[in-house]
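Report on the following structure.
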Amino acid sequence: MAKKLISSVRGMNDILSDQTPIWQYVETTIKQVLDSYGYQEIRLPILEVTELFSRSIGEITDIVEKEMFSFTDRNGDNLTLRPEGTAGCVRAGIQHGLFHNQTQKLWYIGQMFRHERPQQGRYRQFNQIGAEVYGLKGPDIDTEIILMTARFWRQLGLNNLELQINSLGSMEARTVYKQKLVDYLSDYNEQLDADSQRRLRTNPLRILDSKNPQMLPIIEKAPKLLEYLDTESQEHFSQLRELLDKIGIKYKVNPSLVRGLDYYNRTVFEWVTDCLGAQGTVCAGGRYDSLIEQIGGKATSAIGFAMGIERLVLLLLQSDLPIPTNAPDVYFILVGNEQVIKHGWYLAELLRDALPNLRLIVNCGDGSFKSQFKRADKSGAKLALVLAEDELANQKIALKYLREKRPQVILEQLELINYLKNLD
Ligand code: ATP
Ligand code: MG
């Protein structure tokens, strides 16, 4: 009887080796920029106690209400696969005393888990790169964070992202505003969708974040939080905008931008694109000055952001930018007796010593010249090296161009390193 095949869990994807070069390219490019701004990597566990997320992200949020992968382990502890990176980073900072009289500029990379409906750009396991800064009130650091994200896209060659910013003000200002919003929305109670009706009672600000197009006309006419900002937050926000203007970073103030997580205050921002359908937010972040105290640490200013790597990869694949591949530079064909094979392996190691960045595949598993040549072609290599009994006897080697119409070259084996070194 045929055995039942086991597939991956719905919404959790394998990234196969034809895709990993583009992932590596995105990750390396972004890490290089983070490094150049002096941000340091922190590595955090994938599992945390569930309470960490309900206390930080907020009980009345999409994530905590319906998206977490939570379970009870063998000891009866309630654990959750992290749905985002900020809570764990704050937990680690408190636990290791990273917030005492010091500033921290940290970044992380890793898988996150949310039980959402899988579709393009939205998965149940996805990957984020994020950064968090602690101990700085801004607005200079708010600007730095935004400049750094702008640089990511420039380095990757992406120019179809729009920056949207907003300020959520202080907690007190939001309380006043919340009442105005509830008064306004209550007049439309009949037209609100079920989610919004519920949120009107539990977390009205979140209604502004609704993805339901029918809600948009109501949201657009709602009172604007920006008009209720406290003076300090107003000043903070205008300094941020002035710095962005001075440096020439374009942005749109979006007064409905509130972000889906509870912990934000003052600056919030998103980088959005219209190339990914409903999954248009590639990177999102903001200030969260009260979170650390809220989960038991000493009051510490904080700001951070996270970006979805899957969405960046999709954007690159859709663009006409050159996409990195796994193709080797050279495929080494070895045809003949044992002496030929042994000498071929010896030469290949010499090449690797001299040219550590050369991508060289030595034919394994024998085969006629014809079949090895086919493998060389299929590998995508630019060049094939051929060593057969004749070449071995004359200390020569043949070099064939696989992607260009150029005649074969016969080289002295000793010349090979220099020849390859001078190729681009
Ligand atoms: P969305 O509005 O798209 O659901 P979000 O506000 O829930 O996003 P954040 O929690 O701010 O997202 O996460 C930051 C980034 O992580 C998002 O902008 C997106 O690029 C990515 N992201 C979030 N959820 C997913 C997911 N389920 N699958 C893939 N990427 C995701
Ligand atoms: Mg979401």
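My numbering numbers the first residue of the sequence shown as 14 and each following residue consecutively.
Each residue gets a CB set at the ideal place from its N, CA and C atoms; glycine is no exception.
If you're wondering where the values come from, they're calculated on a predicted model, not measured in any experiment.
Would you report the Cα separation of residue i and residue j, rounded to the nearest angstrom?
i    : j    : result
Q53  : W120 : 6 Å
Q32  : A401 : 35 Å
M184 : D86  : 36 Å
I354 : V326 : 41 Å
R212 : S246 : 26 Å
W166 : L160 : 10 Å
Q108 : G299 : 23 Å
D208 : N225 : 10 Å
Y50  : A144 : 11 Å
L405 : L398 : 13 Å
T74  : L47  : 30 Å
Q252 : D90  : 46 Å
N267 : Q177 : 6 Å
R137 : P217 : 27 Å
I308 : L328 : 36 Å
Y8   : P420 : The shown model of the chain, from 14 to 437, leaves out residue 8, and the question about it has no answer.
D153 : L257 : 10 Å
I305 : T116 : 14 Å
I262 : D222 : 25 Å
T188 : E248 : 19 Å
I35  : L171 : 14 Å
A394 : D342 : 5 Å
D287 : Q331 : 12 Å
Q426 : I346 : 14 Å
Q352 : Q385 : 18 Å
K434 : G357 : 19 Å
N173 : R272 : 21 Å
Along the chain, where does the beta strand (DSSP E) that runs through residue i open and close?
i    : result
S180 : 175–180
E1   : The shown model of the chain, from 14 to 437, leaves out residue 1, and the question about it has no answer.
R300 : 294–300
E425 : 422–425
V343 : 343–347
L92  : 91–94
Along the chain, where does the alpha helix (DSSP H) that runs through residue i open and close?
i    : result
F126 : That residue, F126, is in no alpha helix (DSSP H); its beta strand (DSSP E) goes 117–126.
A100 : 99–108
I374 : Counting along the chain, I374 falls outside any alpha helix (DSSP H), though it belongs to the beta strand (DSSP E) covering 373–375.
F382 : 382–391
F165 : 153–169
T74  : T74 -> no alpha helix (DSSP H), and no H or E assigned at all.
I354 : 351–367
I305 : 304–307
F243 : Checking the sequence shown, residue 243 turns out to be Asp, not Phe. No alpha helix (DSSP H) holds D243; DSSP gives it neither H nor E.
For residue i, which three-state DSSP category applies?
i    : result
E283 : strand
T85  : strand
E13  : With the chain running from 14 to 437 in the structure shown, residue 13 is simply not present.
E54  : strand
N202 : helix
A406 : helix
M228 : helix
A319 : strand
K44  : helix
L29  : coil
A340 : coil
R130 : coil
V22  : coil
R416 : coil
L398 : strand
V189 : helix
R214 : helix
N431 : helix
F112 : coil
V518 : Residue numbering for the chain in the displayed model covers 14 to 437; residue 518 lies beyond these limits and cannot be assessed.
K234 : coil
R135 : strand
E271 : Just to set this straight, residue 271 is Val in the shown sequence, not Glu. In the structure shown, V271 sits in coil (DSSP, three-state: anything other than H, G, I, E or B).
A291 : coil
K263 : coil
A411 : strand
Pop quiz: residue i and residue j are said to be a contact at Cβ under 8 Å. What is the actual Cβ separation, rounded to whole angstroms?
i    : j    : result
E157 : K265 : That pair is no contact at about 20 Å.
L149 : S303 : In fact, because the Cβ distance is near 15 Å, the residues do not count as touching under 8 Å.
R324 : L289 : 6 Å
L424 : I410 : 6 Å
A186 : D243 : 4 Å
R127 : I76  : 6 Å
M125 : R104 : In fact, because the Cβ distance is near 15 Å, the residues do not count as touching under 8 Å.
I122 : E61  : With 8 Å as the limit, I122 and E61 do not qualify as a contact, their Cβ atoms being about 17 Å apart.
Does chain D have any CB closer than 8 Å to the CB of residue i?
i   : result
V46 : Looking at the structure shown, chain D is missing, and only one protein chain is on hand.
Using a Cβ-based criterion (distance less than 7 Å to any ligand heavy atom), does residue i qualify as near the ligand GDP?
i   : result
D75 : For the ligand GDP, the structure offers nothing, since it holds only the ligand ATP and the ligand MG.
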